[in-house]
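Below is one structure, written out as C-alpha cells, with a few remarks after it.
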Amino acid sequence: PSTTMSTQLKEFQEHLLKSKKIVALVGAGLSVSSGLPTFRGSQGLWKNFNMIDLATPDAFYIDPGLVWQFYSWRRYTALKAKPNKGHYALAKLSQMGKSPQSDLTYITITQNVDGLSSRSGHCKENLYEIHGSLFDLKCTSFMCNFVDHNNFKQPLTKALADTEEEFDPSHNRKRSLDEQEVSISPQFNPVKTLSEKELPQCPVCKDGSLLRPGVVWFGESLPLSLITKVDNFIESEGSPVDLILVIGTSGTVYPANSYVDRVKLKGGKVAIFNTDIENDIVVGKVKDTWGFKGDAAELLPLALK
Ligand code: BJW
Numbered sequence: 007p008s009t010t011m012s013t014q015l016k017e018f019q020e021h022l023l024k025s026k027k028i029v030a031l032v033g034a035g036l037s038v039s040s041g042l043p044t045f046r047g048s049q050g051l052w053k054n055f056n057m058i059d060l061a062t063p064d065a066f067y068i069d070p071g072l073v074w075q076f077y078s079w080r081r082y083t084a085l086k087a088k089p090n091k092g093h094y095a096l097a098k099l100s101q102m103g104k105s106p107q108s109d110l111t112y113i114t115i116t117q118n119v120d121g122l123s124s125r126s127g128h129c130k131e132n133l134y135e136i137h138g139s140l141f142d143l144k145c146t147s148f149m150c151n152f153v154d155h156n157n158f159k160q161p162l163t164k165a166l167a168d169t170e171e172e173f174d175p176s177h178n179r180k181r182s183l184d185e186q187e188v189s190i191s192p193q194f195n196p197v198k199t200l201s202e203k204e205l206p207q208c209p210v211c212k213d214g215s216l217l218r219p220g221v222v223w224f225g226e227s228l229p230l231s232l233i234t235k236v237d238n239f240i241e242s243e244g245s246p247v248d249l250i251l252v253i254g255t256s257g258t259v260y261p262a263n264s265y266v267d268r269v270k271l272k273g274g275k276v277a278i279f280n281t282d283i284e285n286d287i288v289v290g291k292v293k294d295t296w297g298f299k300g301d302a303a304e305l306l307p308l309a310l311k
C-alpha cells in the first residue's frame, strides 16, 4: 500500500477495533473478482441489452422469455462462480458479530442476488439479501403465494438450457469492450423467442401461471420483514452504528443508498471499498470517511484483518 493508504488503513483499523456496531453495505463490485459482471458501466451489458433495463416488472410483462433467458444465464454464472477473499473476510466479521465472546453487533446488507455471501460461510442470521435471490422462484399470480426457496436446478426448463452457453467470463468481458468500440450502431443480437409454455410454471396454480425470479425489480417493494430489521438495527435508540463499510456499490439505488447518510447522521463513520472513488476521499479530505480504491476482494482481507 502507498503511504497515504497505509495512514488511512491505520486510522480505519483503530476505529474498526473500537467499533461495537458495524454494518456492511454490499454491491455488485464485491463479486467482480468472482467473475460476475456489475450493472452499470461498460461491464454491465448482457448481449445488446442494458442489464438494468431487464430488471423491471415491465420487461418481464412484455417479454418473459427474454427476461427468463437473462436470469437463467445469471443463475448459471452465479452457480459456477466461487466466493472470493472479500466474501470470506465479511463472513469472518459476521461470525465475530454472532460470537458470545465478542461485544460486536454486525449485519451485512447485500444488494447482490448471487448467493456468494451465503456460500462463503456468512452467518445466516446477520445476512440480509435485500434484493432477493436468483435461487428463489415466485408465482406471478396475485392469488398465489407460492415461493420456492433455494432452487438450484439448472436449467429450470429445457428451453432455457441454451442460455448456459453464454457463460464465459473472458468472452463476456471482451464483448463489452467490443461493444464500446462499435457503439455507434449496435447490432441486434437475437435472443430466442420463447413461449410461456417453455418457461418455469407454478406447480400449485391450476391455470399454469408463470414463475418469476425472486428478486426485487425497480418500482417493487423490498421484503418488508428485512427492511424493518435493517431499520431497527440502524435506528435503535442508544446504540448508533459506529461504522458502515460501503463495498462495491455505485449507491444509485434506493433504499440501499439511504443507509450511508442515516449512519452518518447518527455520528457513524464510513469506509468505502471501490475501484472508483473520488480523490478527495482517498486522500482523507472528507470528514469521517475513508476511501480504499481497488478491488474489494483484495482490499477487504487487508483492511479487516
Ligand atoms: C468494484 C469492483 C471491484 C467494480 N471492487 N468495487 C423514479 C421512478 C421509479 C422508481 C424510483 C424513482 N426514483 C427512485 C426510485 C426508486 C428506485 C431507485 O432507486 N431508482 C434509482 C435508480 C433512481 N428503487 C426501487 O424501485 C426499489 N424499490 C423501492 O424503492 O420501492 C418503493 C418505491 C417504489 C416506486 C417508486 C418509488 C419507491 C427497488 C430497487 C430494486 C433494484 N433492483 C436491482 C435488480 C435486482 C435483481 C438483479 O440482480 O437482477 O438491483 S437493479 C440493480 O442495482 C441491482 C443491484 O442490486 C442494484 C445496485 O447496483 P450496484 O450493486 O450498486 O451495482 P452497480 O453496477 O451500480 O455498481 C457497481 C460498483 O462496483 C461501481 O461503483 C464500481 O465502481 C464498483 N466496482 N468492480 C470494488 N472489483
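In the UniProt record's numbering, the protein residues as written are 7 to 311.
No residue lacks a Cβ here, since even glycine has one placed at the ideal position from N, Cα and C.
Here's the rule: buried if 16 or more other CB atoms are within 10 angstroms of the residue's CB, otherwise exposed. What is residue i?
| i | result |
| --- | --- |
| residue 271 | exposed |
| residue 135 | buried |
| residue 68 | exposed |
| residue 335 | Any property of residue 335 remains undetermined from this structure, which presents the chain solely from 7 to 311. |
| residue 169 | buried |
| residue 117 | buried |
| residue 189 | Its pLDDT being 33, under 50, residue 189 is placed unreliably in this model, and the value from its coordinates should be taken loosely. Residue 189 is exposed by the Cβ-count criterion. |
| residue 269 | buried |
| residue 267 | exposed |
| residue 260 | exposed |
| residue 167 | exposed |
| residue 3 | Nothing in the structure corresponds to residue 3, since the chain is present only between 7 and 311. |
| residue 103 | buried |
| residue 107 | exposed |
| residue 230 | exposed |
| residue 227 | exposed |
| residue 114 | buried |
| residue 156 | exposed |
| residue 158 | exposed |
Could you check which residue in the options has the C-alpha nearest to that of residue i?
| i | options | result |
| --- | --- | --- |
| residue 310 | 8, 30 and 10 | 30 |
| residue 138 | 50, 282, 256 and 61 | 61 |
| residue 105 | 132, 280, 259 and 119 | 132 |
| residue 120 | 221, 52, 11 and 99 | 221 |
| residue 85 | 42, 96, 256 and 8 | 42 |
| residue 9 | 292, 288 and 301 | 288 |
| residue 160 | 143, 152 and 153 | 143 |
| residue 199 | 72, 262 and 263 | 72 |
| residue 65 | 17, 224, 213 and 246 | 224 |
| residue 241 | 46, 305, 82 and 273 | 273 |
| residue 26 | 235, 248, 300 and 262 | 248 |
| residue 264 | 279, 236, 70 and 246 | 236 |
| residue 210 | 152, 156 and 34 | 152 |
| residue 250 | 244, 243 and 262 | 262 |
| residue 20 | 286, 291 and 275 | 275 |
| residue 148 | 305, 46 and 217 | 217 |
| residue 33 | 238, 283 and 257 | 257 |
| residue 145 | 89, 126, 202 and 219 | 219 |
| residue 213 | 87, 150 and 28 | 150 |
| residue 245 | 285, 37 and 112 | 112 |
Provide the residue(s) that pair with residue i in DSSP beta bridges, ordered along the chain.
| i | result |
| --- | --- |
| residue 237 | Note: residue 237 sits in no beta bridge, so no partner. |
| residue 275 | 249 |
| residue 30 | 114 and 251 |
| residue 134 | 115 |
| residue 98 | Answer is none; residue 98 lacks a bridge partner. |
| residue 216 | 207 |
| residue 56 | 51 |
| residue 145 | 217 |
| residue 9 | Beta-bridge pairing links residue 9 to no other residue. |
| residue 296 | 277 |
| residue 153 | 144 |
By Cβ distance, which residues of its chain are closer than 6 Å to residue i, with the 5 residues on each side in sequence left out?
| i | result |
| --- | --- |
| residue 91 | 303 and 307 |
| residue 18 | 277 and 296 |
| residue 232 | 134 and 136 |
| residue 375 | Because residue 375 is not part of the residues shown, which for the chain are 7 to 311, the question remains open. |
| residue 192 | Confidence in residue 192 is poor, its pLDDT being 41 and thus under 50, which makes the residue's placement too unreliable to answer from. |
| residue 313 | One cannot answer for residue 313 here, as it falls past the ends of the chain, which runs 7 to 311. |
| residue 165 | 200 and 204 |
| residue 80 | 140 |
Excluding five sequence neighbours on each side, which residues of the same chain lie with their C-beta closer than 7 Å to the C-beta of residue i?
| i | result |
| --- | --- |
| residue 162 | 78 and 206 |
| residue 101 | 129 |
| residue 88 | 40 |
| residue 202 | 70 and 216 |
Under 8 Å between C-beta atoms, does residue i make it to chain C?
| i | result |
| --- | --- |
| residue 307 | Checking the listed chains, one finds no chain C in this structure; it contains a single protein chain. |
Check whether the Cβ of residue i lies closer than 7 Å to any heavy atom of the ligand SAH, and answer yes or no.
| i | result |
| --- | --- |
| residue 274 | Judged by which ligands are present, the ligand SAH is missing from the structure shown, whose ligands are the ligand BJW. |
For residue i, which residues of its own chain have a beta-carbon under 8 Å away from its beta-carbon, when the five flanking residues on both sides are left out?
| i | result |
| --- | --- |
| residue 124 | 130, 133 and 135 |
| residue 58 | 45, 46, 50 and 224 |
| residue 56 | 50 |
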